[in-house]
Amino acid sequence: RAKNEVRTLVGGLSGDRVGLVLFAGDGFVQCPLTTDYSAFQLFLDAAAPDQVPTPGTDVGAALDAAVQAFGTARPAADSAAPDEQRPRALLIVSDGEDHVGNLDAARRRAEEAGATLLTAGVGTEEGARIPIYERGRQVGVKRDPQGQVVQSRLHEEVLTRLAQSGAYFRIGPTTSALSDVPAALRHPAAARN
């Protein structure tokens with residue numbers, strides 16, 4: 013569901029650079045900043061939970077990887093503004109779980125780098141089991157080291173706190189507010205109200 017929402021969001025953009033950072037216990041750039049939306053879609057389609065070998069959830073690592081990607085990106089060829097003057101935004105799509113606890117420091121670093129943070133919550137507060145897939149087929153559910161089934165729950169309070177400079181959106185089972193992201197980027201103060 014989240015991939016489809018991001019795909020739709022990017023499909024409605026024109027001339028904006030997009031990138032993709034995957035994260036679990038660590039974060040890495042899956043797709044560097046680009047205006048080639050077809051290439052981005054290929055990276056998005058290929059994204060899978062098992063691509064990040066470090067277990068856990070470290071949203072701060074994702075923010076740091078994204079900020080680093082801003083620093084290494086080359087200006088777009090058709091850009092009239094120098095790269096450091098272009099608006100920067102990070103959209104974090106997550107359930108809001110964070111096992112490391114460095115969110116506030118990572119948020120400050122991202123904001124100091126000039127990024128507006130937007131978050132999109134996925135999941136439910138009741139939680140759900142995390143399926144394990146092999147070759148497209150579910151073969152079980154994720155378990156902790158003690159053998160207990162792991163439940164993933166939506167933590168909206170974490171995502172709202174993270175999006176202090178931008179806005180929080182909720183991706184529900186049948187609805188999404190990601191269509192409001194472009195307006196939130198143009199008018200961040202209005203999106204927070």
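Every letter in the sequence shown is one number past the one before it in the working numbering, and letter 152, counting from 1, is 164.
Ideal Cβ placement from N, Cα and C applies to all residues, glycine included.
Keep in mind the model is a prediction, meaning the values are calculated, not measured.
Minimum C-alpha distance to residue i - residue among the options
{"i": "L75", "options": "A51, A189, A125, Q53", "result": "A125"}
{"i": "T134", "options": "I142, R182, L45", "result": "It is worth fixing the name first, because residue 134 is Val in this sequence and not Thr. Comparing Cα-Cα distances from V134 to each of I142, R182, L45, the minimum goes to R182."}
{"i": "L129", "options": "T136, R149, L171", "result": "L171"}
{"i": "A78", "options": "P67, G27, I104, N16", "result": "I104"}
{"i": "Q160", "options": "A132, I142, V64", "result": "I142"}
{"i": "A196", "options": "A132, T187, G178", "result": "G178"}
{"i": "L115", "options": "Q63, P67, E169", "result": "E169"}
{"i": "H167", "options": "V193, E137, P65, V112", "result": "E137"}
{"i": "A14", "options": "A60, R149, A81, G27", "result": "A60"}
Exposure of residue i, with buried meaning 16 or more beta-carbon neighbours within 10 Å
{"i": "V162", "result": "exposed"}
{"i": "S106", "result": "buried"}
{"i": "V18", "result": "buried"}
{"i": "Y145", "result": "exposed"}
{"i": "D110", "result": "buried"}
{"i": "D70", "result": "buried"}
{"i": "R155", "result": "exposed"}
{"i": "G222", "result": "Outside the displayed range of the chain (13 to 205) lies residue 222, so it cannot be described from this structure."}
{"i": "R198", "result": "exposed"}
{"i": "N16", "result": "exposed"}
{"i": "A131", "result": "Residue identity differs from the one stated: residue 131 is Thr in this sequence, not Ala. Buried is the call here."}
{"i": "R147", "result": "exposed"}
{"i": "R120", "result": "exposed"}
Span of the alpha helix (DSSP H) around residue i
{"i": "A196", "result": "193–198"}
{"i": "T47", "result": "Unbroken run through T47: none, as it is neither H nor E."}
{"i": "A122", "result": "115–124"}
{"i": "V162", "result": "Segment: none, V162 is in no alpha helix (DSSP H) and carries neither H nor E."}
{"i": "T20", "result": "14–23"}
{"i": "T172", "result": "168–174"}
Neighbourhood of residue i by C-beta distance below 6 Å, restricted to the same chain and skipping five residues each side
{"i": "F55", "result": "L32, Q42, C43"}
{"i": "S50", "result": "none"}
Sequence-distant residues of the same chain with beta carbon closer than 8 Å to residue i, five excluded per side
{"i": "T46", "result": "R29, V30, G31, F52"}
Beta-carbon proximity list for residue i, same chain, < 7 Å, skipping 5 on both sides
{"i": "A73", "result": "F35, D38, G39"}
{"i": "G152", "result": "I144"}
{"i": "T187", "result": "none"}
Distance CB(residue i)-CB(residue j) smaller than 8 Å
{"i": "G139", "j": "R165", "result": "yes"}
{"i": "A127", "j": "R100", "result": "yes"}
{"i": "L174", "j": "T20", "result": "no"}
{"i": "F117", "j": "L102", "result": "The question names Phe, but residue 117 is Ala in the sequence shown. Their beta carbons are not under 8 Å apart, which means A117 does not touch L102 by this criterion."}
Boundaries of the beta strand (DSSP E) in which residue i is found, first to last residue
{"i": "I144", "result": "143–146"}
{"i": "R155", "result": "First-last for R155: undefined, no H or E at that position."}
{"i": "T187", "result": "Where T187 is concerned, there is no enclosing beta strand (DSSP E), given that its DSSP letter is neither H nor E."}
{"i": "A127", "result": "127–134"}
{"i": "A101", "result": "100–106"}
{"i": "V112", "result": "Here V112 belongs to no beta strand (DSSP E), and DSSP marks it neither H nor E."}
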